[in-house]
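Residues in the sequence shown are numbered consecutively from 27, following the numbering used here. Where a beta carbon is used, it is the ideal one built from N, C-alpha and C, also for glycine.
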Amino acid sequence: MMSIKKTRTAAPVSRSRLHRAILAAGLAIVIDPVVAQAADVSIGVVSNGLIVDSVYTAADLAKKQGLDVKVVEFTDWVLPNTAVVNGDIDINYFQHEPFLNAAETARDFDLVPLAYGVEGLIGIYSKKITSFDEIKTGDRIGVADDPVNQGRGLQLLQQAGLIKLPEGIGFKASVHDVLDNPKKLEFVELGGPQLPRAIDDLTAIVSYPHYIKASGVMDPAAALLFDRDQTHAFALRFVVHPDKVENPYVRKFIRLYQDAPEVKQSLKDAFGNPTLYKLAWEDFPPLEVPE
Numbered sequence: 027m028m029s030i031k032k033t034r035t036a037a038p039v040s041r042s043r044l045h046r047a048i049l050a051a052g053l054a055i056v057i058d059p060v061v062a063q064a065a066d067v068s069i070g071v072v073s074n075g076l077i078v079d080s081v082y083t084a085a086d087l088a089k090k091q092g093l094d095v096k097v098v099e100f101t102d103w104v105l106p107n108t109a110v111v112n113g114d115i116d117i118n119y120f121q122h123e124p125f126l127n128a129a130e131t132a133r134d135f136d137l138v139p140l141a142y143g144v145e146g147l148i149g150i151y152s153k154k155i156t157s158f159d160e161i162k163t164g165d166r167i168g169v170a171d172d173p174v175n176q177g178r179g180l181q182l183l184q185q186a187g188l189i190k191l192p193e194g195i196g197f198k199a200s201v202h203d204v205l206d207n208p209k210k211l212e213f214v215e216l217g218g219p220q221l222p223r224a225i226d227d228l229t230a231i232v233s234y235p236h237y238i239k240a241s242g243v244m245d246p247a248a249a250l251l252f253d254r255d256q257t258h259a260f261a262l263r264f265v266v267h268p269d270k271v272e273n274p275y276v277r278k279f280i281r282l283y284q285d286a287p288e289v290k291q292s293l294k295d296a297f298g299n300p301t302l303y304k305l306a307w308e309d310f311p312p313l314e315v316p317e
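Right under this line is the structure:
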């Protein structure tokens, strides 16, 4: 993927528009000469998510502490894990643990969800209807094409009374598991980040508020229905290779992200509505960082 080195020291108010225009971006920072070993950390994010600016904010703060951080942007949900497996980046920050588990099974690799990040809701969005009663026979509904997020979305469609799934199947459900579909809905499977772009062509989509807001297609708080999970199972995780679990620079950067008021403000600015996300890490003991 193409990368661009940035040397400006002050974090701009928002870089999201620039980020969506390029495939990857990096920060090249000069490390404090008192640090004996280069403290390089690289972290991968998905370009059109609302957490992107918060990661760049943390990278700017890390520079002031002598930590050289490169942020790499990806446009899909596959390459960030491949990059960690191959050692191209140290951390990725875009997925929840059920998604990671499914990816590990499908691709036969081993990664570690080291720490919790932001937890977003999932909702059913539409620009064509204002209630589920308006859905007609044969309408098309957009769902994620990956196993876990598709299953979570189907659970929400079941909660809305549109379909019926096998009892106990949970987020492992796929479109092939639907037992009852009285409206004969057609499910259109798309990559998660691409779903908002299809909202004008579909009756409704199941998507995350951060992708809705980043795409600008509608108000992310205006979902017909939200799923509010209380287990933190769907919180984003900072994921690393097993060899990086004890890396002090990786841990320092993650802890800085979690502790910095500037990062929390960046997230607040990005999401706009505090009801659309949680700081999942606040419900767990702080990540230990070696002295």
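- Query: Taking the beta strand (DSSP E) that Gln256 falls in, what are its first and last residues?
  - Reply: In the sequence shown, residue 256 corresponds to position 230, counting from 1. Premise fails: Gln256 is in no beta strand (DSSP E) and is neither H nor E.
- Message: Based on DSSP bridge pairs, tell me the residues matched to Val232.
- Response: Along the sequence shown, read from residue 1 onward, the residue named residue 232 stands at position 206. DSSP lists Ile150 as the bridge partner or partners of Val232.
- Message: Can you give me the C-alpha to C-alpha distance between Gly242 and Glu145, rounded to a whole angstrom?
- Response: Translated into positions along the sequence shown, residue 242 becomes position 216. Translated into positions along the sequence shown, residue 145 becomes position 119. For Gly242 and Glu145, the distance between alpha carbons rounds to 20 Å.
- Which residue's Cα is closest to the Cα of Thr257: Asp79, Pro124, Leu76? Taking the first residue of the sequence shown as 1, we reach residue 257 at position 231. Just measuring C-alpha positions, the residue of Asp79, Pro124, Leu76 sitting nearest Thr257 is Pro124.
- Task: Tell me whether Leu182 sits in a helix, a strand or coil according to DSSP, three-state version.
- Result: What you label residue 182 is simply residue 156 of the sequence shown in a count that begins at 1. Reduced to three states, the DSSP call for Leu182 is helix.
- Under 8 Å Cβ to Cβ from Arg46, same chain only, skipping five residues before and after it: list those, please. As a first step, residue 46 is located in the sequence shown; it is residue number 20 there, counting from the start. Annotation note: pLDDT 39 at Arg46 (below 50); position unreliable, coordinate value reported separately. Taken in chain order, the residues that qualify are Ser73, Asn74, Ala240.
- Task: Can you check DSSP and say which residues form a bridge with Asp206?
- Result: Within the sequence shown, numbered from 1, the residue matching residue 206 stands at position 180. According to DSSP, which records beta bridges pairwise, Asp206 is partnered with Lys190.
- Message: For a cutoff of 8 Å on Cβ pairs, would you count Arg277 as touching chain C?
- Response: In summary, chain C is missing from the structure at hand, where a single protein chain is found.
- Pair within 8 Å by beta-carbon distance, Asp116 and Val266: Counting from 1 along the sequence shown, the entry for residue 116 is found at position 90. Counting from 1 along the sequence shown, the entry for residue 266 is found at position 240. Their beta carbons are under 8 Å apart, which means Asp116 touches Val266 by this criterion.
- Task: Using beta-carbon positions only, say whether Ser80 and Val289 come within less than 8 Å of one another.
- Result: Working through the sequence shown from its first residue, we reach residue 80 at position 54. Working through the sequence shown from its first residue, we reach residue 289 at position 263. Closer than 8 Å, so yes.
- Task: State yes or no: is the C-beta of Val97 within less than 8 Å of the C-beta of Ile77?
- Result: On the sequence shown, residue 97 is found 71 positions in, with the first residue counted as 1. On the sequence shown, residue 77 is found 51 positions in, with the first residue counted as 1. In this structure, Ile77 does not lie closer than 8 Å to Val97 by Cβ.
- Reference Ala186, options Leu282, Leu216, Lys209, closest by Cα: As a position in the sequence shown, residue 186 is number 160, starting the count at 1. Taking only the C-alpha atoms, the option nearest Ala186 is Lys209.
- Thr131 CB to nearest heavy atom of the ligand ATP below 7 Å: Among the ligands in the structure shown, none appear at all, so the ligand ATP cannot be discussed.
- Task: Identify whether Lys278 lies in helix, strand or coil by the three-state DSSP scheme.
- Result: Position 252 of the sequence shown holds residue 278. In the three-state scheme derived from DSSP, where H, G and I count as helix and E and B as strand, Lys278 is classed as helix.
- Evaluate the contact criterion for the segment 169 to 185 versus the segment 296 to 309: three or more CB pairs, one atom per stretch, below 8 Å. No: fewer than three Cβ pairs fall under 8 Å.
- Query: In chain order, what residues of the same chain lie with their CB nearer than 8 Å to the CB of Ser157, ignoring the 5 residues before and after it?
  - Reply: Position 131 of the sequence shown, counting from 1, holds the residue named residue 157. So the list reads Leu250, once near-sequence residues are dropped.
- Residue closest to Lys270, alpha-carbon to alpha-carbon, out of Glu193, Ala128, Val315: In the sequence shown, residue 270 corresponds to position 244, counting from 1. Of Glu193, Ala128, Val315, the residue nearest in Cα terms is Val315.
- Message: Using 8 Å as the threshold, is the C-beta distance between Met244 and Tyr119 below it?
- Response: The sequence position of residue 244 within the sequence shown is 218, counting from 1. The sequence position of residue 119 within the sequence shown is 93, counting from 1. Taking 8 Å as the cut-off, the Cβ atoms of Met244 and Tyr119 do not count as close.
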